[in-house]
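Residue numbers (the numbering used here): 234 to 339.
By construction, the Cβ of each residue, glycine as well, lies at the ideal position given by its N, Cα and C atoms.
Just so you know, these numbers come straight off a predicted model, no measurement behind them.
Below is one structure, written out as structure tokens, with a few remarks after it.
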């Protein structure tokens with residue numbers, strides 16, 4: 234299995250990958266450990282109390298998002314909306330578009 238750092242995974246309790254029993258994560262290292270385990274970092278939907286450490290799970294490798302996750306982390310760590318006066322307006326427009334898309338799925 235060829236695994237890259239920042240591969241995106243969907244991890245689920247069931248094979249149906251119900252969103253209520255699944256979360257999104259990214260791999261932390263290149264390749265599996267010597268015991269053939271993949272270390273992941275939850276990104277969305279993870280609650281520790283719902284996922285005992287001895288639970289059997291199912292995982293789908295979705296894609297590698299190295300560039301995208303690095304860009305998002307850089308924005309989160311080093312970007313201040315106050316440094317660009319137009320940025321709050323742009324962010325508001327993007328938010329409104331995403332709300333509109335959620336309310337009107339194709």
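For this session: Tell me whether the beta-carbon of residue 291 lies closer than 7 Å to the beta-carbon of residue 253.
Result: No, these two residues do not count as a Cβ contact at 7 Å.
For this session: Taking the CB atoms as reference points, tell me whether residue 256 and residue 244 lie closer together than 7 Å.
Result: For residue 256 and residue 244, yes; Cβs fall inside 7 Å.
For this session: Identify which residue in 294, 268, 289 and 328 has its Cα closest to the Cα of residue 259.
Result: For the residues 294, 268, 289 and 328, the minimum Cα distance to residue 259 belongs to 294.
Problem set entry | Inter-residue CB distance, residue 298 and residue 239 (contact presumed, cutoff 8 Å) | With a Cβ gap of about 6 Å, residue 298 and residue 239 count as contacting.
Exercise. Taking Cβ positions, are residue 274 and residue 289 nearer each other than 7 Å?
Worked result: Not a contact, by the Cβ cut-off of 7 Å.
Problem set entry | Buried or exposed by the 16-neighbour rule on C-beta atoms within 10 Å, applied to residue 241 | Only buried fits residue 241, as 16 or more other CB atoms lie within 10 angstroms of its CB.
For this session: Please name the residue, chosen from 236, 281, 251 and 284, that lies closest to residue 266 on a Cα-to-Cα basis.
Result: Residue 236 holds the alpha-carbon nearest to the alpha-carbon of residue 266 among 236, 281, 251 and 284.
For this session: Have a look at residue 324 and residue 312 and give me their C-alpha separation to the nearest angstrom.
Result: Residue 324 and residue 312 have their alpha carbons spaced roughly 13 Å apart.
Exercise. Does the ligand HEM have a heavy atom nearer than 6 Å to the CB of residue 298?
Worked result: This structure lacks the ligand HEM; in fact it carries no ligand of any kind.
Exercise. In angstroms, rounded to a whole number, what distance separates the CA positions of residue 286 and residue 264?
Worked result: Near 21 Å, if we compare the C-alpha coordinates of residue 264 and residue 286.
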